[in-house]
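As they're listed, the protein sequences go chains A and B.
Quick note on the working numbering: the first sequence kicks off at 1 and runs consecutively.
Quick note on the working numbering: the second sequence kicks off at 221 and runs consecutively.
We put the beta carbon where it would ideally sit given N, CA and C, even for glycine.
Bear in mind the structure is a predicted one, so any value in this text is a computation, not a measurement.
Report on one structure; see the data block that follows.
Protein chains: 2
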Amino acid sequence: MARILAVDDDTAILEMVEAILGKDGHFVTKACGMHEIDMEKLNAYDLILLDIMMPETDGFALCSKIRRLVDCPVLFLTAKTEESSLVKGLALGADDYICKPFGVMELRARISAHLRRERREHSVKMAVGGVCFHLSSKQAVIDDKEIPLTRAEYEICEFLARNRGQVFSKEQILENVFGFDSESNDSTITTHIKNIRMKLSGFNCMPIKTVWGIGYKWEE
Amino acid sequence: MARILAVDDDTAILEMVEAILGKDGHFVTKACGMHEIDMEKLNAYDLILLDIMMPETDGFALCSKIRRLVDCPVLFLTAKTEESSLVKGLALGADDYICKPFGVMELRARISAHLRRERREHSVKMAVGGVCFHLSSKQAVIDDKEIPLTRAEYEICEFLARNRGQVFSKEQILENVFGFDSESNDSTITTHIKNIRMKLSGFNCMPIKTVWGIGYKWEE
DNA sequence: TTTAATCTTCATCAAATCTTCATTTTTCCA
DNA sequence: TGGAAAAATGAAGATTTGATGAAGATTAAA
Numbered sequence: 001m002a003r004i005l006a007v008d009d010d011t012a013i014l015e016m017v018e019a020i021l022g023k024d025g026h027f028v029t030k031a032c033g034m035h036e037i038d039m040e041k042l043n044a045y046d047l048i049l050l051d052i053m054m055p056e057t058d059g060f061a062l063c064s065k066i067r068r069l070v071d072c073p074v075l076f077l078t079a080k081t082e083e084s085s086l087v088k089g090l091a092l093g094a095d096d097y098i099c100k101p102f103g104v105m106e107l108r109a110r111i112s113a114h115l116r117r118e119r120r121e122h123s124v125k126m127a128v129g130g131v132c133f134h135l136s137s138k139q140a141v142i143d144d145k146e147i148p149l150t151r152a153e154y155e156i157c158e159f160l161a162r163n164r165g166q167v168f169s170k171e172q173i174l175e176n177v178f179g180f181d182s183e184s185n186d187s188t189i190t191t192h193i194k195n196i197r198m199k200l201s202g203f204n205c206m207p208i209k210t211v212w213g214i215g216y217k218w219e220e
Numbered sequence: 221m222a223r224i225l226a227v228d229d230d231t232a233i234l235e236m237v238e239a240i241l242g243k244d245g246h247f248v249t250k251a252c253g254m255h256e257i258d259m260e261k262l263n264a265y266d267l268i269l270l271d272i273m274m275p276e277t278d279g280f281a282l283c284s285k286i287r288r289l290v291d292c293p294v295l296f297l298t299a300k301t302e303e304s305s306l307v308k309g310l311a312l313g314a315d316d317y318i319c320k321p322f323g324v325m326e327l328r329a330r331i332s333a334h335l336r337r338e339r340r341e342h343s344v345k346m347a348v349g350g351v352c353f354h355l356s357s358k359q360a361v362i363d364d365k366e367i368p369l370t371r372a373e374y375e376i377c378e379f380l381a382r383n384r385g386q387v388f389s390k391e392q393i394l395e396n397v398f399g400f401d402s403e404s405n406d407s408t409i410t411t412h413i414k415n416i417r418m419k420l421s422g423f424n425c426m427p428i429k430t431v432w433g434i435g436y437k438w439e440e
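As structure tokens, then:
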């Protein structure tokens, strides 16, 4: 269901978290401290669970570092029950603060609430120009008629539509759709956009606008 | 800062919430029960606080009704401390669950965390005197209508608006907007300013003043 | 392996934008 | 009030950026 990163110095807690969340279908990555986290790959996670008191690692500092890098929900899971600590944690950019010992049901409920919100805020309303994205089959449909997009074209459309209104440069589209390591040329995107526009225009649908000097966006 | 709707049957609590959140600059609307809420105008709020046990109103039912209408964060603020109740509340679409009696600092911290997240997930904006700058897409908006600024024009506007009230010479604007190494002529700025003014005046907006012999400033 | 589909690159064209400059207008001050 | 300095204006040329069409490279399918 979701990819969750859990950071704690207590492996027993990590095991327990994995057991609980694994049952809900989540994939939990365990990290015993900051050194086990690849900061480059933080955007591989949908949600991050953080302990505060860890040897060699300050959870608060880690939280603000993470927050500078990614936007996913960050939850503290800690034995520090003082209100001041909660306030500090949330002020640093965390999204929730759960005290140990935590209720299993509470943990699950809070995590799914955060994931749900993330999906809610990122969900694609299919009313946009009537284009409907079938995420699993990777097909785009207008008025029940399939648009014959290639894989790359579909991915670009889905990415732009998912973040409609936002403008992305060609580099950003490359990174987000084909991965950080993509060494493709910008012109690849230019050409894909051209082909997408051609195909969509057959359906009287022109949702992709170019913002001069900046990039492209899916019209809101 | 934010418009918050608080629903509770206990007016003492409502007053208290208003006092606390008012100090943070939020505007709190108090509702003593469902009948006092205009469901048509829910999207006027940035965040909603809900009690669960209210005469004539079931907070849970209200929560799911609200969730069907708007996407803003909904927080329960309740005396029901059972874990099952928290689980139910979050499952119905709420984003947080705070138990009474709540700590003042905790309430403030949690609310600002939720508001921050909402802003984070929507794009970063800076509003200056009626003009709204979408920092990531580099677009300026007045009354939800986009101002067709070019890249350079936008950058100059954003720079001046960000430092509104301060006067900058043409050289300073060149350096700050186009970089120290810019070898452009001052007249470039003059022309950009002219074009910006022309475009903004279409929106009845004349924020850029010339300070004779010194430079330009964005009126405070 | 052959064939077709898709992806990527590149040269060229067109358009938007940026820059410059000559000219006119405004402002300041003697 | 007149003249000098500064800013505004309008238009032309230079530059940058995006669109286009076609060809080669890569991948998947038959």
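Rounded C-alpha distance that separates residue i from residue j
{"i": "Asp364(B)", "j": "Ala91(A)", "result": "31 Å"}
{"i": "Val124(A)", "j": "Val387(B)", "result": "Bear in mind that the predicted position of Val124(A) carries a pLDDT of just 45, short of 50, making it too unreliable to give a figure here."}
{"i": "Val237(B)", "j": "Glu326(B)", "result": "12 Å"}
{"i": "Asp38(A)", "j": "Glu378(B)", "result": "35 Å"}
{"i": "Ile434(B)", "j": "Ser389(B)", "result": "6 Å"}
{"i": "Glu338(B)", "j": "Ser357(B)", "result": "18 Å"}
{"i": "Ile52(A)", "j": "Tyr97(A)", "result": "10 Å"}
{"i": "Glu395(B)", "j": "Asn415(B)", "result": "20 Å"}
{"i": "Thr410(B)", "j": "Ala222(B)", "result": "38 Å"}
{"i": "Arg330(B)", "j": "Ala113(A)", "result": "15 Å"}
{"i": "Phe353(B)", "j": "Gln359(B)", "result": "6 Å"}
{"i": "Leu77(A)", "j": "Ser64(A)", "result": "15 Å"}
{"i": "Ala12(A)", "j": "Leu115(A)", "result": "24 Å"}
{"i": "Lys308(B)", "j": "Asp186(A)", "result": "48 Å"}
{"i": "Val28(A)", "j": "Ile193(A)", "result": "36 Å"}
{"i": "Ile240(B)", "j": "Arg328(B)", "result": "8 Å"}
{"i": "Lys444(B)", "j": "Arg288(B)", "result": "In the structure as shown, chain B begins at 221 and stops at 440. Residue 444(B) is therefore absent and cannot be evaluated."}
{"i": "Ala372(B)", "j": "Arg417(B)", "result": "13 Å"}
Cβ of residue i within 8 Å of any chain B Cβ
{"i": "Ala79(A)", "result": "no"}
{"i": "Ile214(A)", "result": "yes"}
{"i": "Val211(A)", "result": "yes"}
{"i": "Val141(A)", "result": "no"}
{"i": "Val28(A)", "result": "no"}
{"i": "Val70(A)", "result": "no"}
{"i": "Val7(A)", "result": "no"}
Neighbour flag for residue i against chain A, beta carbons, 8 Å
{"i": "Leu310(B)", "result": "yes"}
{"i": "Leu270(B)", "result": "no"}
{"i": "Val307(B)", "result": "yes"}
{"i": "Glu303(B)", "result": "yes"}
{"i": "Thr370(B)", "result": "yes"}
{"i": "Thr236(B)", "result": "The sequence shown places Met at residue 236(B), rather than the Thr named in the question. No, Met236(B) does not count as interfacial toward chain A."}
{"i": "Glu326(B)", "result": "yes"}
{"i": "Ala333(B)", "result": "yes"}
Three-way DSSP call (helix, strand, coil) for residue i in this model
{"i": "Met273(B)", "result": "strand"}
{"i": "Lys138(A)", "result": "coil"}
{"i": "Ala29(A)", "result": "Checking the displayed sequence, the identity of residue 29(A) turns out to be Thr instead of Ala. Strand."}
{"i": "Ile428(B)", "result": "strand"}
{"i": "Ala226(B)", "result": "strand"}
{"i": "Met418(B)", "result": "helix"}
{"i": "Asp219(B)", "result": "Summary: the structure shown does not reach residue 219(B), with chain B confined to residues 221 through 440, and so no result is reported for it."}
{"i": "Thr78(A)", "result": "strand"}
{"i": "Val177(A)", "result": "helix"}
{"i": "Ile37(A)", "result": "coil"}
{"i": "Ala347(B)", "result": "strand"}
{"i": "Leu47(A)", "result": "strand"}
{"i": "Glu366(B)", "result": "strand"}
{"i": "Ile434(B)", "result": "coil"}
{"i": "Phe102(A)", "result": "coil"}
Contact set between residue i and chain B, taken where Cβ atoms lie within less than 8 Å
{"i": "Lys217(A)", "result": "Ser357"}
Anticipated Cβ contact below 8 Å, residue i with residue j, distance rounded
{"i": "Cys205(A)", "j": "Gly130(A)", "result": "7 Å"}
{"i": "Phe203(A)", "j": "Ile142(A)", "result": "5 Å"}
{"i": "Asp58(A)", "j": "Ile4(A)", "result": "So it is not a contact: roughly 21 Å between Cβ atoms."}
Neighbouring residues, chain B, relative to residue i (Cβ below 7 Å)
{"i": "Gly25(A)", "result": "Those within 7 Å of Gly25(A) in chain B number zero; the least Cβ separation is about 16 Å."}
{"i": "Arg117(A)", "result": "Asp315"}
{"i": "Val177(A)", "result": "Those within 7 Å of Val177(A) in chain B number zero; the least Cβ separation is about 18 Å."}
Under 7 Å by beta carbon: chain A residues contacting residue i
{"i": "Ser330(B)", "result": "The sequence shown places Arg at residue 330(B), rather than the Ser named in the question. Ordered by position in chain A, the residues that pass the 7 Å Cβ test against Arg330(B) are Leu90."}
{"i": "Ala222(B)", "result": "The premise fails here: Ala222(B) is roughly 15 Å from chain A at the closest Cβ pair, so nothing lies under 7 Å."}
{"i": "Gly350(B)", "result": "Correct list: empty, because the minimum Cβ distance to chain A is about 20 Å."}
{"i": "Gly323(B)", "result": "Glu83"}
Closer than 9 Å at the beta carbon, the chain B residues around residue i
{"i": "Gly33(A)", "result": "Going along chain B, no residue has its Cβ under 9 Å from Gly33(A), so there is no contact; the nearest lies around 25 Å."}
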